[in-house]
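Numbers 999 to 1246, taken from this note's numbering, label the letters of the sequence shown in order. Below is one structure, written out as structure tokens; the observations come after it.
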Amino acid sequence: MVCRSNLIKIYEKEVLYINKCIVVEPEIEGNLGFLARTMANFNFKKLILVNPKIKIGEEARNRAVHAQDILDNVKIVGKLEEALELVDFGIGTTGLEADSSSNVLRNTMDVREMAKRAGEVEGDIGIVLGRESKGLSNEELSMCDMVVKVPTSDDYPVMNITHAAGIVFYEIFREKSVEATKASSRGEKKYVKHIFKSIADNLDYSEDETDRIMQCLNNFIGRSFLDKKEANTLIGFFKEVEKNFEGD
């Protein structure tokens, strides 16, 4: 369980707004070079690698061409949670749709709709890409604020990660608004979820039901691109609800 005092510290943290790309356990060196070049095309400045299975060598350098600075400044972390702490919005990518109406985790948002909403807020966006061999796991997708899928042919829906990334980067780049509102931070969203979970724990739900409700809340908050005013309004409201439970 996360200590509330720690959440408050995160909640108050100031951030710099830089578009980032997070790759979980990359397996093909050349893809990192192509990815760096694509990032540079669409103003994504920071590449974060989670437990990479390869090193950045000559092949990646050759394919990056004039995007060497991105490879020079790559950040390596051990877990996806560490990478997501560096962004306000973690946007997972998948080639698979939900297999049933009850699978709320893989309820994907269209990439163009996501980009339109992202363009309305001024925040730190991190596009999360999975392994070349098997993408992101359900657990990893659940850590993201939302999940997007690039529309593709049903006959061959799964794209190379660099091709998928290029489409996502382009859509965000073209929708960036000059009148963007200030986004809620990851800490603020955590605080909203923490208080909501405290309220849910006081209700007569099973653990599975609570987990499903929390995943739905995560989906809702992620897709809404909550701004600071909205986050603070929800925090204030949930605090009052929580006080009523504590008084019973």
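We put the CB at the ideal spot given by N, CA and C, even for glycine.
Nearest-angstrom Cα separation, counted from residue j out to residue i
| i | j | result |
| --- | --- | --- |
| residue 1198 | residue 1023 | 35 Å |
| residue 1059 | residue 1162 | 21 Å |
| residue 1138 | residue 1146 | 13 Å |
| residue 1053 | residue 1027 | 7 Å |
| residue 1179 | residue 1055 | 40 Å |
| residue 1233 | residue 1048 | 31 Å |
| residue 1220 | residue 1143 | 4 Å |
| residue 1226 | residue 1057 | 43 Å |
| residue 1072 | residue 1241 | 45 Å |
| residue 1070 | residue 1064 | 12 Å |
| residue 1123 | residue 1038 | 15 Å |
Residue(s) in a DSSP beta bridge with residue i
| i | result |
| --- | --- |
| residue 1145 | 1090 |
| residue 1181 | 1225 |
| residue 1044 | 1018 |
| residue 1073 | 1046 |
| residue 1133 | 1129 |
| residue 1119 | 1179 |
Same chain only: Cβ atoms within 7 Å of residue i, ignoring 5 sequence neighbours per side
| i | result |
| --- | --- |
| residue 1164 | 1036 |
| residue 1171 | 1040 and 1041 |
| residue 1229 | 1182, 1186, 1187 and 1190 |
Endpoints, the alpha helix (DSSP H) within which residue i is located
| i | result |
| --- | --- |
| residue 1051 | Note, residue 1051: premise wrong, no alpha helix (DSSP H); not H, not E. |
| residue 1069 | 1066-1070 |
| residue 1114 | 1109-1116 |
| residue 1036 | 1027-1039 |
| residue 1082 | 1078-1082 |
| residue 1060 | 1056-1062 |
| residue 1169 | 1159-1173 |
Status (buried if at least 16 other CB within 10 Å, exposed otherwise) for residue i
| i | result |
| --- | --- |
| residue 1032 | buried |
| residue 1235 | exposed |
| residue 1086 | buried |
| residue 1091 | buried |
| residue 1160 | buried |
| residue 1238 | exposed |
| residue 1106 | buried |
| residue 1201 | exposed |
| residue 1136 | exposed |
Contacts around residue i, its chain only, beta-carbon distance under 6 Å, and the 5 residues preceding and following it disregarded
| i | result |
| --- | --- |
| residue 1112 | 1146 |
| residue 1081 | 1020, 1046, 1048 and 1075 |
| residue 1156 | 1093 |
| residue 1224 | 1182 |
| residue 1173 | 1113, 1114 and 1117 |
| residue 1231 | none |
| residue 1166 | 1109 and 1125 |
Residue-chain proximity (residue i, chain B), Cβ-Cβ < 8 Å
| i | result |
| --- | --- |
| residue 1034 | Any reference to chain B falls outside this structure, which holds one protein chain only. |
Own chain residues within Cβ distance below 8 Å of residue i, not counting five before or after
| i | result |
| --- | --- |
| residue 1247 | Outside the modelled stretch of the chain, which goes from 999 to 1246, sits residue 1247, for which no answer is possible. |
| residue 1130 | 1024, 1025, 1026, 1029, 1158 and 1159 |
Delimiting residues of the beta strand (DSSP E) encompassing residue i
| i | result |
| --- | --- |
| residue 1125 | 1123-1127 |
heavy atom of the ligand NAP below 7 Å from residue i C-beta
| i | result |
| --- | --- |
| residue 1193 | Absent from the structure shown: the ligand NAP. Ligands present: none. |
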